[in-house]
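Take -12 as the starting number for the sequence shown in the numbering used here and just add one per residue.
Don't be surprised by glycine CBs; every beta carbon is placed ideally from N, CA and C.
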Amino acid sequence: MRKLRAFEEFHSQELNDPVKAKAYIDVALEEYQRDNDDEALLLALRDVVEAQGGWANWPRKPV
């Protein structure tokens, strides 16, 4: 039987890729412009930052 990865693990690995992370943020910004959902935008930004090493490492990591 094949083991399935947890969604969080998959999501984090995908967002560690700068190109995919940018696309994810672009979509989050488009949705924010449409619905003004602050919480959804902040969650998307948090997901990207955490996937790329957390707040302490994020500003130092080149894009």
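Could you check the C-alpha separation between residue i and residue j for me, to the nearest Å?
| i | j | result |
| --- | --- | --- |
| I12 | D4 | 12 angstroms |
| A27 | Y19 | 8 angstroms |
| E1 | E37 | 12 angstroms |
| N23 | W42 | 24 angstroms |
| L32 | A8 | 9 angstroms |
Can you name the start and end residues of the alpha helix (DSSP H) that residue i belongs to?
| i | result |
| --- | --- |
| Q0 | F(-6) to L2 |
Return helix, strand or coil for residue i, following the three-state DSSP convention.
| i | result |
| --- | --- |
| D24 | coil |
| A43 | coil |
Beta-carbon of residue i versus every beta-carbon of chain D: anything under 9 angstroms?
| i | result |
| --- | --- |
| S(-1) | In summary, chain D is missing from the structure at hand, where a single protein chain is found. |
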